[in-house]
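Here is the structure we will look at.
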Amino acid sequence: MIPVPGRLRIGMGLAVWLGVQAGVAVAGISPLETLAVPGLPTAATADGVRWQAQWSQELTQPLFDVAGIERNAGRGWAGRLEAATGPWSFGVGAQDRRLHDKAQAHAVQSWHATAQVEWTTPDQPHRWGLRLGAWGSQADHLLQSTSSALRVSGLKGRLIEMELVRPRDLQWQLDLLARSRLADPRWAVSGYAGLGASAVSRSVVSGKATISGCTYQLDFGDQRLNAKPLPGCPNGWLVSVPNRLLAVDVQQETRYRSLHGHLGGALHWAAMPWRLAVGGELQQWLRQGQEVRHVRNLVLAGEAAHTVSPGLALVLRGQYQHRQLLGDVPMLYNSRSASSTRRVLSVTAGMQVEF
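Per my numbering, the very first residue in the sequence shown carries number 7; after that it's consecutive.
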């Protein structure tokens with residue numbers, strides 16, 4: 007095995023994969039959701055439990071198709087189950103999506119769980135609550151084709167593929183919730199502020215590259231990057247490069263911890279059989295490690311619900327994200343997604359059942 011000095015410039019290729027340039031992700035239901043504050047338990051009674059189930063389907067791609075926009079937005083669904091009794095409410099949910107990048111589709115699953123308590127009564131004009139949430143995303147593997155230039159000590163090469171095995175992210179978050187009725191009982195305003203912690207991990211990160219006409223298998227270890235020629239290239243060299251010589255710290259880009267804070271508010275209107283809401287949220291992320299990075303994200307959302315029968319409502323929702331990956335799939339957050347703006351608009355439709 008021959009150590010090779012110099013800088014291995016894989017930054018652009020790694021970032022192309024890590025960023026997962028999907029058109030539009032499905033807007034799901036998570037503790038960071040902009041319009042989640044109305045979930046203060048209004049429907050529960052002192053001596054019983056009130057349940058609410060939600061299911062939604064992404065509509066962004068069909069709308070793009072109708073409008074003649076050539077863009078693959080991905081597809082997915084989201085579900086949530088909530089229970090409220092007295093001042094307490096609990097919720098669990100899951101989301102499955104397909105993030106598309108050109109001809110490739112990446113399967114990502116997300117989940118979340120919340121516990122919430124209110125120390126005011128539903129009949130009071132000003133209400134306060136506290137919510138603890140956990141949420142995360144995962145995938146079996148993510149594979150990204152690329153064609154970025156690769157230079158190793160003067161040898162010309164090209165990065166052709168990057169793969170991440172079992173990527174994961176896990177977030178904890180604590181929020182203070184508030185809601186007030188206005189003079190007109192049909193109108194209300196809500197607000198929230200919270201802090202949280204995030205951890206991103208993965209099992210293995212690897213890739214493939216061509217160097218001097220040979221195809222190499224790349225193995226990004228804890229200390230070194232090892233490159234081994236694939237069969238069919240008998241004259242290829244075994245290459246080993248210390249991680250400190252890499253243009254991008256692959257370990258830090260794919261396994262790290264961060265802190266985040268957010269605040270937001272919404273305006274609500276309700277007059278049977280309609281409910282409308284619009285709101286905004288500002289997120290601030292601080293990634294820890296050798297390179298501290300601050301990133302801000304803006305989310306805007308609107309929702310319309312129509313009650314078609316007692317306990318059953320149809321819901322249409324639109325959401326805009328200034329940066330798609332933050333607050334949505336943190337495990338895809340990296341140097342490229344942090345430095346580039348990806349404005350994303352998504353639309354979902356679904357139903358809400360109370361029983």
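Each residue gets a CB set at the ideal place from its N, CA and C atoms; glycine is no exception.
When we look at the beta-carbon of residue i and count the other beta-carbons within 10 Å, is it buried (16 or more) or exposed?
| i | result |
| --- | --- |
| Gly12 | Summary for Gly12: the model assigns pLDDT 39, below 50, so the residue's position carries little reliability; its value from the coordinates is reported in the next sentence. Flag for Gly12 reads exposed. |
| Arg137 | buried |
| Arg349 | exposed |
| Leu265 | exposed |
| Ser36 | With a pLDDT of only 47 at Ser36, under 50, the local geometry of the prediction cannot be trusted, and the value read off the model is given with reservation. Classification for Ser36: buried. |
| Ile75 | exposed |
| Gln179 | buried |
| Gly97 | buried |
| Gly82 | buried |
| Ser315 | exposed |
| Gly200 | buried |
| Arg5 | In the structure as shown, the chain starts at 7 and stops at 361, and residue 5 therefore has no counterpart that could be examined. |
| Pro362 | Past the edges of the chain, shown from 7 to 361, lies residue 362, and the structure says nothing about it. |
| Val353 | buried |
| Arg250 | exposed |
| Val245 | buried |
| Leu236 | exposed |
| Gly202 | buried |
| Ala73 | exposed |
Per DSSP, what kind of secondary structure is residue i in: helix, strand or coil?
| i | result |
| --- | --- |
| Asn249 | helix |
| Gln327 | strand |
| Ala73 | helix |
| Pro68 | helix |
| Pro235 | strand |
Taking a contact to mean a Cβ-Cβ separation below 8 Å, would you say residue i touches residue j in this structure?
| i | j | result |
| --- | --- | --- |
| Tyr262 | Gln294 | yes |
| Gly238 | Tyr222 | no |
| Gln115 | Gln150 | no |
| Asp190 | Gly142 | no |
| His268 | Leu288 | yes |
| Asp228 | Gln257 | yes |
| Trp117 | Gly92 | no |
| Ala355 | Leu65 | yes |
| Glu309 | Val301 | no |
| Leu304 | His328 | yes |
| Arg230 | Val206 | no |
| Ser317 | Glu360 | One detail in the question is off: residue 317 reads as Gly in this sequence, not Ser. Yes, the pair counts as a contact, with Cβ atoms nearer than the cut-off. |
| Gly163 | Thr216 | yes |
| Ala277 | Arg192 | yes |
| Arg187 | Pro131 | yes |
Determine which residues share a DSSP beta bridge with residue i and list them.
| i | result |
| --- | --- |
| Leu282 | Trp275, Ala310 |
| Gln258 | BP columns for Gln258 are empty, so no partner. |
| Arg293 | Ser264, Arg299 |
| Phe361 | DSSP, once it has assigned bridges, lists no residue as partnering Phe361. |
| Trp134 | Ala184 |
| Leu269 | Ala199, Leu288 |
| Val55 | Val55 pairs with nothing; no bridge assigned. |
| Gln223 | Lys214, Lys234 |
| Ala371 | Past the edges of the chain, shown from 7 to 361, lies residue 371, and the structure says nothing about it. |
| Thr120 | Gly97, Gly139 |
| Gln177 | Trp141, Ser204 |
| Thr91 | Trp94 |
| Gln115 | Asp102, Gln144 |
| Met168 | Gln150, Gly213 |
| Trp243 | DSSP output for Trp243 lists no bridge partner at all. |
| Val350 | Gln327 |
| Ala194 | Arg187, His274 |
| Trp83 | Gln63, Asp102 |
| Val305 | Glu287, Gln327 |
message: For the pair the segment 136-155 and the segment 179-193, tell me if three or more CB-CB distances fall below 8 Å.
response: yes
message: With three or more C-beta pairs closer than 8 Å as the rule, is the segment 200-219 touching the segment 163-176?
response: yes
message: Would the segment 269-278 count as touching the segment 194-205 if we require 3 or more Cβ pairs under 8 Å?
response: yes
task: Take every Cβ of the segment 85-100, pair it with every Cβ of the segment 53-65, and state whether three or more of those distances are shorter than 8 Å.
output: yes
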